[in-house]
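> Before I ask anything, let me first share the structure, which is written out below as structure tokens.
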Amino acid sequence: MEIKIPLYNDVWMDNAVENLYRLIADSEEGVDITLDKTELTIHTNDKDELRNILSPIIQNNRNNLIIKHKDKKTGEIKEIKKDFVLIQEGKKINGIVAFKENIYADPKKSTGEILDLIEKEGKRTCIVCGKTFHKPYKKLQQATYPFVTKIKSFSGIRTYKDGNFYAFKDYHDNFCPTCYLLGILEWLDNRIIYRTFPGDKSFLFLPYFDNLEDLVEFKEEYEPLLNKSERYSNIKINICEDKTEGTPGKFSTLLCFYEKFLLDIECENVIGVDWAVMEVPFGSLKNIKIRTLNLTDSTLRVMKELIGENEIRIYTELIKEIYFFIDNPKGAPVDWDLTRKIREKLSESFLISDFRSFARMLLPRKGGKVGYSSETRTNLENLIYIWRLKKMGISKENLDSIKRVGNIIAKVSKNNLSLLYKLDKTRSIADFWSVLREISRKLIGLDLKKAKVRPTALDELIQLLKDNEEQWEEIRDLLVIYSSMYYAIGSRGGEKNE
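Numbering (this note's numbering), first residue to last: 35 to 532.
Written out as structure tokens, the structure reads:
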């Protein structure tokens, strides 16, 4: 029996092909399996041999679907299905998860039935892979292809093709047994990166390549970074420990993963990777959302350079060390909900190379301001230099002028933030010049010696702006960052009190 499975160009199914290849290859069973850029080929003497290979593989990897939980009151250890796994379960028996899916309940029988169907030729066309088949093993469902529901308005896959409407009954019936086998076994993939927020949603991260060989290689490289036995996150804090990260959202999770990948995994080339980020909500109705994110080579090079030259991890030693401090707090001095939102938005802004959004996240807000330690400020300045200034061609001496003007803006905005907000909202270089003139006028009423500012920095900034008018927006955003930084320092009593 020979099964040929081509590249799907579908992120779920291609990861499923890679997963099946890994499961069989890792089993060390006597099956002829080959994989190239565009195809996986499985060859055995007969289907019974393949059934006898697949059924123990499924049984032995079942733990990838569950976590073990110890009841605090009784001390009893029970199994819990991972929150994002879209396979229905029945009533637990002796604390053991009982899956309703036959292939997990009785793998030997089910794999035999599936292989029988795969072997038969037919005239039906599979809606997922486009190949002909005899009849389905099961209808198309979320357990095998997460992007579809039985509810028409929520369906994540197309209902139109070549101008014709596909009735939902036919649409769900036309699902071949090969695609079923791949899709249902993808949940055994212990290299799916995940982050779960209890009672809310889970995020799954699937890498997407245009060939299977690169996909296999990449997932093999990052596997040591993951702990498959944790319920809410599987990215290890340290590659040598099992404890995992508690990131605030999807972008911070991916950023956290990449800093560890670049730090701990030896790879010759920094590869920009496309990712599909799946959002799986809690509750009985699962409307799966998906976002594709491309991490460009340039973004990853910035991270690698930051790690290589300065030994700075952008998430752990910078973004994770940024807080929102409450003015006149009655209780805790930090607003943790807002802090997590700011960290998540900073992570997103960096990953999509949106310096404008990154800068705006550091602005003070009603009721408080964004703050961080002097060490974190140093890390931020190193990031800014590598990420923006080197590309802009602006020297560190010119950056000193921007920083000094930022200090001036912070001082004149001490009792009135409108000037800082006005700077942030400039939409043209004419508006920018207007704000700079207003800053100059505000200096008249300022005790320069007490404020410890250098008025000549404004002249230096004006000359820098004249020489780099096409980059005025980047200069504005740099000013926003440093003005916000010095405002936070001043409002908290200076560096000694940080």
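Every residue, glycine too, gets a C-beta built ideally from N, C-alpha and C.
Owing to the predicted nature of the structure, the values given are computational and were not obtained by experimental measurement.
Have a look at Phe295 and Met337 and give me their C-alpha separation to the nearest angstrom.
The residue you call residue 295 lines up with position 261 of the sequence shown. The residue you call residue 337 lines up with position 303 of the sequence shown. Straight-line Cα distance between these residues: approximately 11 Å.
> Report back the beta-carbon spacing between Ile101 and Ser236 to the nearest angstrom; my notes put them in contact at under 8 Å.
Here residue 101 is taken as the residue at index 67 of the sequence shown, counted from 1. Here residue 236 is taken as the residue at index 202 of the sequence shown, counted from 1. No, Ile101 and Ser236 are not in contact; Cβ-Cβ is about 13 Å, not under 8 Å.
> Ser518 to Arg422, Cα distance in whole Å?
Counting from 1 along the sequence shown, the entry for residue 518 is found at position 484. Counting from 1 along the sequence shown, the entry for residue 422 is found at position 388. Looking at the two C-alpha atoms, the distance is approximately 18 Å.
> Closer than 7 Å by C-beta to Val45: which residues in its own chain qualify, once you throw out the five before and the five after it? Chain order, please.
For the purposes of this step, residue 45 is taken as residue 11 along the sequence shown, with counting starting at 1. Closer than 7 Å at the Cβ level, and outside the excluded window around Val45, lie Leu240, Tyr242 and Ala310.
> What does the Cβ neighbour count give for Tyr455, buried or exposed, with the cut at 16 atoms within 10 Å?
Against the sequence shown, residue 455 aligns to sequence position 421. The residue in question, Tyr455, is exposed, as its Cβ has fewer than 16 Cβ neighbours within 10 Å.
> Among the candidates Leu385, Leu380 and Gln505, whose CA atom is the shortest distance from the CA of Ile428?
Taking the first residue of the sequence shown as position 1, residue 428 is located at position 394. Of Leu385, Leu380 and Gln505, the residue nearest in Cα terms is Gln505.
> In the structure shown, what three-state DSSP assignment does Val45 receive?
Against the sequence shown, residue 45 aligns to sequence position 11. It is helical.
> Could you tell me the alpha carbon to alpha carbon distance between Met47 and Lys157, rounded to whole angstroms?
To locate residue 47, count along the sequence shown from 1; it is residue 13. To locate residue 157, count along the sequence shown from 1; it is residue 123. One C-alpha to the other measures close to 22 Å.
> With H, G and I counted as helix, E and B as strand and the rest as coil, what does DSSP make of Leu451?
Within the sequence shown, the letter at position 417 stands for residue 451. Residue state, collapsed to three classes: coil.
> Taking 7 Å as the line, does the beta carbon of Leu84 fall inside it for any heavy atom of the ligand HEM?
This structure simply doesn't include the ligand HEM, nor any ligand for that matter.
> Find out if the Cβ-Cβ distance for the pair Val514, Leu397 is shorter than 8 Å.
Within the sequence shown, residue 514 is the residue found at index 480, counting from 1. Within the sequence shown, residue 397 is the residue found at index 363, counting from 1. In this structure, Leu397 lies closer than 8 Å to Val514 by Cβ.
> Just to confirm, are Asn416 and Ile509 a CB contact at a threshold of 8 Å?
On the sequence shown, residue 416 is found 382 positions in, with the first residue counted as 1. On the sequence shown, residue 509 is found 475 positions in, with the first residue counted as 1. No, they are not a contact pair.
> Kindly provide the ranges of any beta strand (DSSP E) runs that are 3 or more residues long and lie completely inside the stretch 352 to 422, ordered along the chain.
Segments of the beta strand (DSSP E) lying fully in the stretch 352 to 422: 357 to 360 and 402 to 405.
> Let me check understanding here. Comparing Cα to Cα, which of Trp467, Lys354 and Phe252 lies closest to Asp308?
Residue mapping note: residue 308 aligns to position 274 of the sequence shown, counting from 1. Of Trp467, Lys354 and Phe252, the residue nearest in Cα terms is Phe252.
> Look at the Cβ atom of Leu453, then the Cβ atom of Ile443, and state whether they are nearer than 8 Å.
By 1-based counting over the sequence shown, the position of residue 453 is 419. By 1-based counting over the sequence shown, the position of residue 443 is 409. Result yes, Cβ atoms of Leu453 and Ile443 sit closer than 8 Å.
> Determine the direct distance from the alpha carbon of Arg390 to that of Asn49, and round the result to whole angstroms.
Translated into positions along the sequence shown, residue 49 becomes position 15. Translated into positions along the sequence shown, residue 390 becomes position 356. Their backbone Cα atoms lie some 35 Å apart in a straight line.
> With DSSP as the reference, label Glu313 as helix, strand or coil.
Within the sequence shown, numbered from 1, the residue matching residue 313 stands at position 279. Residue state, collapsed to three classes: strand.
> Whole angstroms is fine: what's the gap from Glu313's alpha carbon to Lys323's?
Translated into the one-based positions of the sequence shown, residue 313 becomes position 279. Translated into the one-based positions of the sequence shown, residue 323 becomes position 289. Distance between the alpha carbons of Glu313 and Lys323 is about 5 Å.
> Assuming Glu73 is part of the beta strand (DSSP E), what are its boundary residues?
Position 39 of the sequence shown holds residue 73. First-last of the beta strand (DSSP E) with Glu73: Glu73 to His77.
> Rounded to whole angstroms, what is the Cα-Cα separation between Lys125 and Asp82?
As a first step, residue 125 must be located in the sequence shown, where it is residue number 91. As a first step, residue 82 must be located in the sequence shown, where it is residue number 48. One C-alpha to the other measures close to 32 Å.
> So what's Pro241 in DSSP terms, helix, strand or just coil?
Stepping through the sequence shown from its first residue, residue 241 is reached at position 207. The answer is strand: DSSP assigns Pro241 an E or B state.
> So the alpha helix (DSSP H) Tyr256 belongs to, where does it begin and stop?
As a first step, residue 256 is located in the sequence shown; it is residue number 222 there, counting from the start. Per DSSP, Tyr256 belongs to the alpha helix (DSSP H) from Leu246 to Tyr256.
> Tell me the DSSP secondary structure of Pro211 in three-state form.
Counting from 1 along the sequence shown, the entry for residue 211 is found at position 177. Helix at Pro211.
> Relative to the C-alpha of Thr350, which residue among Pro211, Asn272 and Asp244 is closest?
In the sequence shown, the residue the question calls residue 350 occupies position 316. Among Pro211, Asn272 and Asp244, the Cα nearest to that of Thr350 belongs to Asn272.
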